[in-house]
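The sequence shown begins at 1 in the working numbering and counts up one residue at a time.
Glycine included, C-beta positions come from ideal geometry on N, C-alpha and C.
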Amino acid sequence: MLSSDLLSCGIDRWYPDLRRLTIRSVLVPLPPDFAAYLVADGVVLPGGDDEAGASPAGEEADDESADGSAALALPASFEAVRRAIDDGIERLGGAVFVKLNWSAPRDAAWVLGGSLKCTSSEDVLLLLQSSDRAAHDLTEARRMCEDAAAAGEGGAGVDAAGEPHGFVLALRKWCELQPSREFRCFRGAGGRLLAACQRDRFSHFPELGARRSRDLGLLEAFGRELPSAPARVVWDAYVDRNDKVHLVDLAPFHESTDPLLFEWEELVALDDAAASPPQLRLVAEGHIAPSASIYNGWPQELQQLGQQDLESLIQTAQKAAKSADS
């Protein structure tokens, strides 16, 4: 994967051109000092106490807190970003779902009682500061790119064309989406839909079987409206009750993106093979898997296991539990 592929999938790049196809959003640029604050140790909330001891904006953080850790200073940009977040939430009706350039802090939903619904800047900051996914976006995402790794790059900077890029916080209008209507789609190098699957990898929805052909046709048609660059891309979609398709997100066609009900070897083989009709893969009846809330709270190393490895791990744990009870 090249930096250009990754950057093209950032919401700051695709949202302006595709806003008519997706969920209404407000993009808040994150200055470098604010991005650094989000990945610092300790949790600092506006107007409250923090774990490491916050210092006012602009002051040095050389003193130590009561537990011996260095005090964490609020960045100079803190108030401006906080106001922008609260203003954005108000513009979007009072509740939002948040993500950074590429990732949403799903792994930190536990800090808001299991929900990702944010109604204040405090909710947003608590989610982001508690999320490994957010930290990965801010510190490691570009290191996965061949050209960035070779140049020793990590975070914000310039892309291959010399254009500056940085980090953004996307505030997305809160919508009560039905998990059974969310899909992940995989587009190959020729711009054709290779395959699709339900977004919820943990649940069997009986009604999807009868709709398989219709949903696949809707997704194929919608895919033709997406931009041609990057040629290979993964996109998430929502099909509403009126059969209208909405774009939810874009992601790189790369092993760092969760293939859900597929394996990356399968998808690469489909891309290399002669053109064939796409398939829509669904969770079979009787399929056993952890709930979405449990899965999103797992370490990233476990989440990156392939579908077969994940099922094998679950079966091993079940056998061990039975042995312990006997």
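Using the C-alpha atoms, what's the distance from residue j back to residue i?
i    : j    : result
G68  : L74  : Annotation note: pLDDT 44 at G68 (below 50); position unreliable, no value reported.
E146 : S8   : 15 Å
W174 : A324 : 44 Å
F186 : L194 : 6 Å
L219 : L250 : 14 Å
A148 : V283 : 37 Å
A40  : A221 : 44 Å
M144 : P105 : 19 Å
G188 : R199 : 19 Å
A108 : E176 : 19 Å
G10  : D215 : 26 Å
L169 : V28  : 5 Å
F262 : V239 : 21 Å
G162 : P277 : Below a pLDDT of 50, predicted positions are generally treated as unreliable, and G162, at 44, falls in that range; no measurement from the model is reported.
Q315 : W264 : 22 Å
Just to confirm my understanding: we take residue i, look at its own chain, exclude 5 residues before and 5 after, and list those with CB closer than 7 Å. What are they?
i    : result
L247 : L18, L21, T22, W235, A237
K123 : Residue identity check: residue 123 is Asp in the sequence provided, not Lys. Taken in chain order, the residues that qualify are L112.
H254 : M1
A273 : none
R224 : none
A231 : A189, G191
W12  : Just to set this straight, residue 12 is Asp in the shown sequence, not Trp. The residues are L27, N101, V168.
Exposed or buried, which one is residue i when buried takes at least 16 other CB atoms within 10 Å?
i    : result
K319 : exposed
K244 : exposed
P56  : Caution applies to P56, whose pLDDT of 45 falls short of 50 and renders its modelled position unreliable; the value that the coordinates give is listed next. Exposed, because fewer than 16 other Cβ atoms sit within 10 Å of the Cβ of P56.
T257 : buried
R184 : buried
A84  : buried
A160 : Low confidence applies here, because A160 scores a pLDDT of 46, under 50, leaving its location unreliable; read the following figure in that light. By the 10 Å Cβ count, A160 comes out exposed.
D62  : Confidence in D62 is poor, its pLDDT being 47 and thus under 50, which makes the residue's placement unreliable; the coordinate value appears in the next sentence. So D62 counts as exposed.
V158 : With a pLDDT of 44 at V158, under the threshold of 50, the modelled position of that residue is not reliable, and no figure is offered here.
G88  : buried
S103 : buried
Taking the beta strand (DSSP E) that residue i falls in, what are its first and last residues?
i    : result
H246 : 245-252
R20  : It is not in any beta strand (DSSP E) - R20 carries neither H nor E in the DSSP assignment.
Q279 : 279-281
V98  : 96-99
For the ligand PLP, is there any heavy atom lying closer than 7 Å to the beta carbon of residue i?
i    : result
E265 : As presented, the structure is devoid of all ligands, the ligand PLP included, so that no description of it is given.
Considering just the uninterrupted stretch of the alpha helix (DSSP H) at residue i, what are its terminal residues?
i    : result
F183 : Careful: F183 lies outside any alpha helix (DSSP H), inside the beta strand (DSSP E) at 182-187.
F222 : 206-223
V239 : Note, V239: premise wrong, no alpha helix (DSSP H); beta strand (DSSP E) at 233-239.
A80  : 78-91
L128 : 121-129
A135 : 132-139
Could you please give me the residues that DSSP links to residue i through a beta bridge?
i    : result
L169 : V28
F262 : Answer by DSSP bridge pairing: none, since F262 is not bridged.
Q198 : F183
C9   : DSSP output for C9 lists no bridge partner at all.
L193 : R187
C118 : V96
What does a CB cutoff of less than 6 Å around residue i pick up in its chain, not counting 5 residues either side in sequence?
i    : result
F97  : L116, R172, W174
R212 : L280
L260 : R184, C197, R201
A328 : For residue 328 there is no data in the structure shown, the boundaries of the chain being 1 and 326.
S130 : A108, V111
A35  : L138, F167
P252 : M1, D5, L6, C9
P227 : none
Looking only at its chain, what residues have a beta carbon closer than 8 Å to the beta carbon of residue i, apart from the 5 residues adjacent to it on each side?
i    : result
S180 : Q198, D200, S203, F205, E207, L208
G93  : K173, W174
Y15  : T22, S25, L27, A170
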